[in-house]
Every structure is written in structure tokens, then in C-alpha cells.
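Trainee: So in our numbering, spot 135 of the sequence shown is number 165, and the numbers just go up one at a time.
Encoded as C-alpha cells, here's the structure I'll be asking about.
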Amino acid sequence: MTILFLFVALFVLMFIGVPVAVSLGLAGSVTIMLFSPDSVRSLAIKLFETSEHYTLLAIPFFLLSGAFMTTGGVAKRLIDFANACVGHIRGGLAISAVLACMLFAALSGSSPATVAAVGSIAIAGMVRSGYPKEFGAGIVCNAGTLGILIPPSIVMVVYAAATEQSVGKLFMAGVVPGLLLGVALMVAIYVVARKMDLPAQPRASLRQLLGAGRRALWGLLLMVIILGGIYSGMFTPTEAAAVAAVYAGFIALFVYKDMTFRECPKVLLESGKLTIMLMFIIANAMLFAHVLTTEQIPQTITAMVIEAGLQPWQFLIVVNIVLLIAGAFMEPSAIILILAPILFPIAVQLGIDPIHLGIIMVVNMEIGLITPPVGLNLFVTSAVTGMPLTAVVRAAWPWLMLLLSFLLVITYIPAVTMALPNWLGMP
């Protein structure tokens with residue numbers, strides 16, 4: 031009865047237009063008040079415990095770091111460096127946009143931020159060089175999803191907090207899949223570009239390449255600081271996020287000087303708004319997950335799955351279907367916080383590595399970001415290009431097939447995800 035009421039309340043609230051975060055909080059609160067022996071005071075205690083979760087502290091710092099880099103000209107220099115590297119290949123500007131998304135993803139941890147930073151520059155450059163606008167929009171919309179797969183990743187931080195897994199191991203598990211997806215997109219672009227006879231840029235000289243690399247060096251060093259600091263044990267992922275925010279602000283103000291002190295309050299305010307929005311969703315989703323746990327719902331579902339005799343491969347099919355549907359309607363962090371506590375114990379019982387499950391969930395969230403009606407990347411791309419949302423959906427759709435194929439590879443070849451963490455002997 032409790033399970034039924036909890037989920038019916040959640041879906042009824044969302045159906046009548048109540049925001050997802052509020053729906054999660056209301057459904058959980060009303061369920062506790064009507065069915066749980068817990069006092070109402072436990073609601074406030076749970077919300078407070080959520081807000082002081084140390085791992086989640088990385089989120090505002092990564093958002094602030096991304097805001098400084100977007101405003102401070104780091105994205106432009108990364109795109110110039112990517113163009114110098116691969117611009118001479120047929121379809122090179124589109125390929126360099128993917129490379130720039132990969133580089134920016136390794137700095138920001140956010141998919142919409144990656145689309146906004148790279149798309150605002152790269153798509154305009156492609157159009158000026160004779161590429162169809164829809165082609166450029168579809169590429170950047172899809173390549174921007176790498177923002178939550180290539181470490182650092184805000185969604186991975188949320189999964190780690192929900193399942194008490196190692197953030198560092200999750201980050202390392204995302205490296206190979208992120209590189210593999212980036213390369214797959216580049217190869218697909220090259221094939222399509224030859225068929226469409228898209229232009230290639232003049233080959234950059236060694237001097238131009240080194241010059242572009244030198245100008246982008248300060249941004250590229252941030253990758254070394256974040257990942258090198260984490261894996262050398264110099265600081266935790268949360269501390270790495272704080273260092274990244276300070277470093278990004280420093281190079282934007284004092285090195286590149288593309289940002290002035292007068293712009294700082296605006297950048298802080300914008301990143302603060304994003305943080306509050308995301309943390310509000312997380313707090314309410316954690317409350318919802320608390321109800322799931324106290325009512326033994328994950329354990330009940332685990333027992334039902336085991337009794338049904340589902341094989342691991344069958345369970346993973348169900349997981350992907352559920353996540354793909356949820357991804358079309360909800361924000362990634364909320365999905366992770368609702369479903370991870372349910373799926374995690376079942377995966378452990380079936381012998382599926384929790385880190386592998388985490389990457390599967392992240393790839394599903396990538397696809398959700400470009401799936402209507404609530405795909406965040408679609409809205410960001412539409413805002414950046416001025417294209418109608420329907421046109422962006424049509425532009426992104428062909429590349430979505432590549433991401434679905436990639437999801438099958440990640441789901442059923444765990445070595446792709448686990449090879450690097452296992453090779454490094456990460457606990």
C-alpha cells in the first residue's frame with residue numbers, strides 16, 4: 031500500500047504540472063505523514079543531512095569553475111586548438127567541435143555547460159565555412175553529452191553520493207567510454223562529411239599548432255590539476271572541484287583577462303542559481319529515497335527480481351528501458367537519486383559491478399539529455415542557435431542512433447568500463 035501510494039502520488043503530481051523537485055518532496059513528505067512511524071521532524075532532519083553531504087559539495091564548485099571558463103575565454107581557445115589539430119580533415123570543423131566538447135567536458139562536469147560554451151562559437155564557425163546549420167547543431171547537441179561521461183562529472187558525483195561508491199573510481203571508469211564515444215562521433219562525422227562533400231580547412235602549420243596549444247595551455251592544465259590531483263592522492267574530488275573553481279577564476283581574470291572584476295558578481299550569481307536549482311532537486315530526491323529505504327522498497331523489489339529468475343543480461347535490458355523512458359521526462363540527477371537506491375542492491379545480488387551500473391546509468395542520462403520533451407541539451411542548443419526546438423530535435427535525431435548503439439556496447443561489454451580502474455588496481 032505504501033509503495034503504491036508513494037509512486038501514484040509522485041506521478042499524479044508530475045502529471046498535473048508540479049515541478050519534479052516539488053513532486054518528489056511532496057510525495058515523500060505525505061507518505062511519511064500518513065504511513066510512516068517517523069515524526070514530521072524527521073523530514074527537516076533528512077533535508078539538513080542531505081545538504082551537508084560532503085561529496086555533493088563538489089557540485090557548486092564544478093558549476094562555478096564551468097561558469098568562469100565559459101565567460102573567461104577558455105572555451106574559445108580550446109576550440110581554436112581543436113581546429114588547429116583536426117580542422118584540415120574533411121568535415122574537420124565538426125570533428126574539432128567534438129574534440130572541443132571532449133576537452134571542455136574534462137573541465138566542467140556539466141553537459142548543458144559544454145553545449146553552451148562550445149556551441150555558441152563552434153556552430154557559428156561551421157555555418158560561416160559552409161556547413162548546414164542543422165548539421166552543426168546536431169553534432170554539438172550530441173557531443174555535448176560527453177560533459178557528464180568524461181570526468182569530472184556532476185552526475186557521477188550524485189550517483190556516488192546515492193550509492194556510497196568511490197567518486198575517483200567512477201571518474202576513472204568514465205575515461206575509456208568517454209574517449210570511445212568521442213572517437214565514434216568523429217568517425218561518423220568523417221563518413222558523413224565525405225558523402226556531403228563538406229569543406230576542410232587549410233592544414234595548420236606546426237607554428238600555428240604550437241601557438242594554439244600555447245594559448246589553450248592554461249585551460250588544458252586544469253585537466254591535469256583536477257584528475258592528477260585526485261589520482262595522486264593530493265586531494266579529494268570535492269577539494270579538486272574547489273581548486274578548479276579558484277584556478278578557473280584566476281586564469282579568467284589575470285591570465286586571459288577576458289573577464290573583468292565587474293563581471294564576477296554576475297558569474298557568481300548565475301552559478302549560484304544553478305547550484306540552488308540542482309541542490310533543491312537533490313534534497314527532495316534524497317528525501318524520496320529515504321522513504322524508499324525506510325519502507326524496505328529496494329529490498330522488496332530485489333527479492334521479487336531474484337524470485338523471478340531474471341538473468342543479469344535481462345535485468346540490464348529492463349534497466350535501460352526504464353532509464354531511457356525516465357530520461358525523456360526528468361532531470362538526470364533526480365533520476366539517479368530515485369532509481370539508484372532501487373537498482374543498486376539488485377545489481378549487487380546479480381553480480382553486476384556497481385561502478386559498471388553507474389556508467390550504464392550515466393550513458394542513459396546522456397541519451398535523456400537529447401530526448402524530447404525534457405532534453406536539456408535540446409533547449410540549450412535551441413537557445414544558442416536560435417533554431418526552433420523541433421528543428422533541433424530533427425538535427426540531433428540521426429546522431430542519437432549512434433548513442434543507442436554505444437549504450438549496448440557499454441551495457442554488455444563491462445571491460446570497456448572496468449578495464450582502466452581494474453588495471454590501476456583502484457579499490
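Note that the Cβ used here is the ideal one computed from N, Cα and C, for glycine as well.
Are Ala-274 and Phe-91 closer than 8 Å when you measure CB to CB?
Mentor: Along the sequence shown, read from residue 1 onward, the residue named residue 274 stands at position 244. Along the sequence shown, read from residue 1 onward, the residue named residue 91 stands at position 61. Contact: yes.
Trainee: Please state if the CB of Ile-397 and the CB of Leu-433 are separated by a distance shorter than 8 Å.
Mentor: Mapped onto the sequence shown, residue 433 falls at position 403. Mapped onto the sequence shown, residue 397 falls at position 367. Yes.
Trainee: Is it buried or exposed for Gly-47, if we count other Cβ within 10 angstroms and need 16 for buried?
Mentor: Here residue 47 refers to the residue found at position 17 when the sequence shown is read from its first residue. Under this definition Gly-47 is an exposed residue.
Trainee: With Gln-238 as the anchor, note down where its alpha helix (DSSP H) starts and where it stops.
Mentor: Residue mapping note: residue 238 aligns to position 208 of the sequence shown, counting from 1. That run of the alpha helix (DSSP H) goes 236-253.
Trainee: Is the CB-CB distance between Ala-203 and Thr-447 below 8 Å?
Mentor: As a position in the sequence shown, residue 203 is number 173, starting the count at 1. As a position in the sequence shown, residue 447 is number 417, starting the count at 1. Yes, Cβ-Cβ distance for Ala-203 and Thr-447 is below 8 Å.
Trainee: Leaving aside the five residues before and after Ala-130 along the sequence, list all residues of the same chain whose C-beta is less than 7 Å from its C-beta, in chain order.
Mentor: By 1-based counting over the sequence shown, the position of residue 130 is 100. Result list for Ala-130: Leu-108, Ile-109, Ala-112, Val-148 and Ala-152, in chain order.
Trainee: With H, G and I counted as helix, E and B as strand and the rest as coil, what does DSSP make of Thr-144?
Mentor: The residue labelled residue 144 in the question sits at position 114 within the sequence shown. It is helical.
Trainee: Between Gly-168, Pro-182, Ala-377 and Ile-376, which has its C-alpha nearest Thr-420's C-alpha?
Mentor: The residue you call residue 420 lines up with position 390 of the sequence shown. Taking only the C-alpha atoms, the option nearest Thr-420 is Gly-168.
Trainee: Taking contact to mean at least 3 C-beta pairs separated by less than 8 Å, is the stretch 364-378 in contact with the stretch 329-346?
Mentor: Flag = yes, the stretch 364-378 and the stretch 329-346 touch.
Trainee: Could you check the C-alpha separation between Gly-23 and Met-132 for me, to the nearest Å?
Mentor: Summary: the structure shown does not reach residue 23, with the chain confined to residues 31 through 457, and so no result is reported for it.
Trainee: Three-state secondary structure (DSSP) at Tyr-261?
Mentor: Along the sequence shown, read from residue 1 onward, the residue named residue 261 stands at position 231. Of the three classes helix, strand and coil, the one that applies to Tyr-261 here is helix, per DSSP.
Trainee: Residues in the same chain with beta-carbon distance under 6 Å from Ala-356, minus the five sequence neighbours each way, listed in chain order, please.
Mentor: On the sequence shown, residue 356 is found 326 positions in, with the first residue counted as 1. So the list reads Ile-365, once near-sequence residues are dropped.
Trainee: Could you check what DSSP says for Ala-358 in three-state terms: helix, strand or coil?
Mentor: As a first step, residue 358 must be located in the sequence shown, where it is residue number 328. Coil at Ala-358, not helix or strand.
Trainee: Please work out which residues of its chain come closer than 7 Å, Cβ to Cβ, to Ala-230, disregarding the five sequence neighbours upstream and downstream, and give them in chain order.
Mentor: Numbered from its first residue, the sequence shown carries residue 230 at position 200. Only His-118, Ile-119, Arg-120 and Gly-122 meet the Cβ criterion.
Trainee: Excluding the 5 residues flanking Thr-101 on each side, which residues of the same chain have their C-beta closer than 7 Å to its C-beta?
Mentor: Taking the sequence shown and counting its residues from 1, one reaches residue 101 at position 71. The residues are Ala-282, Met-289, Glu-293 and Val-297.
Trainee: Report the three-state DSSP secondary structure of Met-417 (helix, strand or coil).
Mentor: Residue numbering aside, residue 417 sits at position 387 when the sequence shown is read from its first letter. The answer is coil: DSSP assigns Met-417 none of H, G, I, E or B.
Trainee: So, do the stretch 238-251 and the stretch 46-60 have three or more beta carbon pairs nearer to each other than 8 Å?
Mentor: They do not touch, by the three-pair rule.
Trainee: Is the distance from the Cβ of Ala-135 to the Cβ of Ile-180 below 8 Å?
Mentor: The residue you call residue 135 lines up with position 105 of the sequence shown. The residue you call residue 180 lines up with position 150 of the sequence shown. Yes; because the gap between Cβ atoms is below 8 Å, this pair is in contact.
Trainee: So, are the CB atoms of Phe-201 and Met-186 less than 8 Å apart?
Mentor: As a working mapping, residue 201 is identified with position 171 in the sequence shown. As a working mapping, residue 186 is identified with position 156 in the sequence shown. Yes.
Trainee: Cα separation between Phe-265 and Arg-158?
Mentor: For this step, residue 265 is matched to residue 235 along the sequence shown. For this step, residue 158 is matched to residue 128 along the sequence shown. So the two alpha carbons sit approximately 44 Å from each other.
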